[in-house]
Amino acid sequence: MRDDTLCISFYGWNRVDRFFAAWRAAGLRAVGHIVFAKQYQSKARFLGYRHEAAYLLAKGQPPVPEKPLPDVMPWKYSGNRHHPTQKPVECLAPLIEAFTQPRGIVLDPFAGSGSTCVAARQVGRRFYGIEMDPKYHAAAMERLHLANQERIAA
1 MRDDTLCISF YGWNRVDRFF AAWRAAGLRA VGHIVFAKQY QSKARFLGYR
51 HEAAYLLAKG QPPVPEKPLP DVMPWKYSGN RHHPTQKPVE CLAPLIEAFT
101 QPRGIVLDPF AGSGSTCVAA RQVGRRFYGI EMDPKYHAAA MERLHLANQE
151 RIAA
C-alpha cells in the first residue's frame with residue numbers, strides 16, 4: 001500500500017486484536033470506524049448480529065475526503081447468492097467514491113465474489129481483485145461481465 005492512502009477493512013469483532021496487530025505491522029493506523037446497520041439478523045451462537053463493521057485505516061497522511069461519510073450507514077441485504085460474506089455493492093460504492101480519487105486504484109486482496117470490483121467499476125475507479133477460490137473467482141468474473149454489459153447498454 002502506498003503512503004498517504006486509505007484502506008477499509010471489514011473485521012470480525014472476535015478477532016479485532018489480531019487485525020489491529022496486523023494493521024500496525026503494516027504501518028496502518030485507525031482513523032475511523034464505520035458501522036453498517038442491517039435490517040435483518042445474521043445467525044450467531046449467542047447473539048443475532050444486526051450490523052457489520054469496518055475500520056478506516058490510514059498509511060501516512062492521506063487527504064481528508066471532501067464529503068465525509070457518516071459513521072453509521074445502512075446495509076442492504078445482498079442475498080449472499082455468490083459468497084457467504086458477500087458485501088452489497090450499494091454499500092461499497094460510497095466508500096470507494098469518498099476515499100479514493102477519480103481513476104484511482106482500488107485493491108481487494110480477498111475479492112470473494114467481486115463486490116468491491118463491481119463497485120469500483122461503477123464509480124469510475126480502476127481495481128485489482130485477488131481471489132484464491134476458483135468458484136468465487138468465476139462468480140466475480142461473471143458479475144464484472146454483467147456489470148460491464150449493463151454499463152454499455154446504459
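Numbering of the sequence shown is given in the UniProt record's numbering, commencing with residue 1 and proceeding in unit increments.
Just so it is clear, CB atoms sit at the ideal spot from N, CA and C, and this is done for glycine as well.
Cα-Cα separation between M141 and P68, rounded to whole angstroms: Taking the straight line joining both Cα atoms gives about 31 Å.
Own chain residues within Cβ distance below 6 Å of Y128, not counting five before or after: For Y128, where only same-chain residues beyond five positions count, the Cβ hits under 6 Å are L107.
Can you give me the Cβ contacts of G60 inside the same chain, cut-off strictly under 6 Å, excluding the 5 residues immediately before and after it? Only D3 and D4 meet the Cβ criterion.
Let's test the definition: count the other Cβ atoms within 10 Å of the Cβ of E52 and tell me whether it reaches 16, buried, or not, exposed. When all chains shown are included, E52 counts as buried.
Given a cut-off of 8 Å on the beta-carbon distance, is the pair A37 and V89 in contact? No, the pair does not count as a contact, with Cβ atoms beyond the cut-off.
If contact is defined by three or more beta carbon pairs under 8 Å, each pair taking one atom from either stretch, is the stretch 81-98 in contact with the stretch 131-145? By the criterion of at least three beta-carbon pairs nearer than 8 Å, the stretch 131-145 is in contact with the stretch 81-98.
What ranges does the beta strand (DSSP E) occupy inside the stretch 8-79, keeping only unbroken runs of at least 3 residues that lie completely in it? Runs found: 29-42, 49-59 and 72-75.
Let me confirm a value: V118 is counted as buried when at least 16 other C-beta atoms fall within 10 Å, else exposed. Which label applies? It counts as buried.
By the 10 Å Cβ neighbour count, where 16 or more other Cβ atoms means buried, how is K76 classified, buried or exposed? Exposed, because fewer than 16 other Cβ atoms sit within 10 Å of the Cβ of K76.
Contact check, L144 vs S115, beta carbons under 8 Å: No, the pair does not count as a contact, with Cβ atoms beyond the cut-off.
When you compare the CB positions of Y55 and A30, do they come within less than 8 Å of one another, or not? A30 sits close to Y55, with the two beta carbons spaced by under 8 Å.
Quick check: what's the CA-CA separation for R24 versus S9? Just so you know, the alpha carbons of R24 and S9 end up roughly 13 Å apart.
What number of angstroms, rounded off, separates the C-alpha of E66 from the C-alpha of Q101? E66 and Q101: Cα-Cα distance of roughly 11 Å.
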